[in-house]
Structures are given as structure tokens and as C-alpha cells.
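Peer 1: This is the structure I have questions about; it appears just below.
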Amino acid sequence: QSRYLAFVLFFILYLFIVFANVIIIVVTARENALHEPMYIFIMCLAVNSLYGSAGFFLRFLRDLLSSSHLISRPECFVQIYVIYTYASYEFTFLSVMAYDRYVAVCQPLHYHNKITKRAVILLIAVAVTFPVSSVASCVYLSSTLPLCGNAIPKVFCANWPVVKLSCVSTGLNNLVGMLLTTTTIFLPLLFVLYTY
Numbered sequence: 032q033s034r035y036l037a038f039v040l041f042f043i044l045y046l047f048i049v050f051a052n053v054i055i056i057v058v059t060a061r062e063n064a065l066h067e068p069m070y071i072f073i074m075c076l077a078v079n080s081l082y083g084s085a086g087f088f089l090r091f092l093r094d095l096l097s098s099s100h101l102i103s104r105p106e107c108f109v110q111i112y113v114i115y116t117y118a119s120y121e122f123t124f125l126s127v128m129a130y131d132r133y134v135a136v137c138q139p140l141h142y143h144n145k146i147t148k149r150a151v152i153l154l155i156a157v158a159v160t161f162p163v164s165s166v167a168s169c170v171y172l173s174s175t176l177p178l179c180g181n182a183i184p185k186v187f188c189a190n191w192p193v194v195k196l197s198c199v200s201t202g203l204n205n206l207v208g209m210l211l212t213t214t215t216i217f218l219p220l221l222f223v224l225y226t227y
């Protein structure tokens, strides 16, 4: 019975996340006054929230209703990719927003020369492309490992628990994982702190 109650609560939470983010996206897209860089970046965060919540909640809700909690190897790596890119996008978009605010506050006379439509597109492209490539390389390395176990002690697939199941040395995976964490979490976070 508690599983069904949890399902209902998490399903309502998921619907709220979808509803709130769709409202943000639609209002930003339709209202011309909101076609400013900061609102475009907020819309990007809303799109990312839809992406990340779909990557987690759809599988999680299915598992709540199921007595079996099995996931295929390809599905597991897709889930790792989606959840990790979602988290990376959050940090890269927040650093892009911090840069936008930094220019607006510290260089207000140059704001419209620096934050042009082209610059906004470039910033969004970099904020998306970098996590895509870095997370893809990390997930690819993990997907090539032979695994000696099949139990992951989490409610979703995560890279490190999967890597720990490997029968072979994971030194390269550890190095790439640390590099990924540093470049997609700590560097953007340090940049945000620096700009404030």
C-alpha cells in the first residue's frame, strides 16, 4: 500500500514539475517583452528541468508500481547519460546566467554590445555542447567495462556504482570521472561565485 501512496505523491510532484516548466516555456516564448537574454536562459533551465525530470521520474514511477526492479544495461547507461547531462546543464546554464548578470552589473554600458543575439546563441550552444561531449565520453568508457555484478544500491543508475561492478581496473574511468566532475560542476560553480 505504501508503494501506491508513494507513486501517487511522486506522480503529482512530476505533474507539478511538468506543468510549472511548461508554463515558464510558453509564457517566455509567447511574450515578446520576455525575449531578453536572462529570460531565454531561464527558459533553457525550464527545458532542462523537463528533460531531467523525465529521465528520472518516468523510470522511478514505473519501478514503484513494479515488484521487479530490473533495468537493462543499455537503459541503465541511457539513464546515467540523461541524469548526468541534466545536472551538468544546470551548472553550465547557471554559469551562463552569472556571466550575463556580471556584464549587466559591472559593464552596463557594454551590455548590449557584448550580450547580442549571436552571443546568447553561442553561450547556449557551449552550455549544451560541453556537457553532451564530456558526459558521453564518461558514459562510453563505463559502457565498455565488463561487469561482475548486477546490483546497484540506488533508485536510479549512476556511473560510479556501475563502475564499481567492473571486473577490470577502472583507473581511466576514475580519472575521467574526476575530470568530468571538476569541469562540469566545480569550474562553473567557481565561476558563479567569482561573478558574484
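Going by the numbering used here, the sequence shown opens with residue 32, and the numbers climb by one from there.
Backbone N, C-alpha and C define an ideal beta-carbon position, used for all residues, glycine too.
No experiment lies behind these values; they were computed from the predicted model shown.
Unbroken beta strand (DSSP E) runs of length 3 or more, entirely within the region 152-193: which are they?
Peer 2: Runs of the beta strand (DSSP E) inside the region 152-193: none found.
Peer 1: Which same chain residues, not among the five before or five after A118, have their C-beta less than 6 Å away from its C-beta?
Peer 2: For this step, residue 118 is matched to residue 87 along the sequence shown. If we look at A118 and ignore the five residues flanking it on each side, it has no Cβ neighbours.
Peer 1: For S84, name the three-state secondary structure that DSSP assigns.
Peer 2: Walking along the sequence shown from the start, residue 84 turns up at place 53. Residue state, collapsed to three classes: helix.
Peer 1: Can the beta-carbon of Y112 be found closer than 8 Å to that of A189?
Peer 2: The sequence position of residue 112 within the sequence shown is 81, counting from 1. The sequence position of residue 189 within the sequence shown is 158, counting from 1. In this structure, A189 does not lie closer than 8 Å to Y112 by Cβ.
Peer 1: Report all residues from its chain with a CB closer than 7 Å to the CB of P162; omit the five preceding and five following residues, and keep chain order.
Peer 2: By one-based count along the sequence shown, residue 162 stands at place 131. These residues qualify, in order along the chain: T116, S119, Y120, T123 and T215.
Peer 1: Buried or exposed, going by whether 16 or more other CB atoms sit within 10 Å of the CB of P184?
Peer 2: In the sequence shown, residue 184 corresponds to position 153, counting from 1. Exposed: under 16 other Cβ atoms inside 10 Å.
Peer 1: Is S197 helix, strand or coil when you go by DSSP?
Peer 2: On the sequence shown, position 166 is the one that residue 197 refers to. Correct three-state label for S197: strand.
Peer 1: For E106, does the three-state DSSP call read helix, strand or coil?
Peer 2: Reading the sequence shown from its first residue, position 75 is the one you call residue 106. Three-state result, E106: helix.
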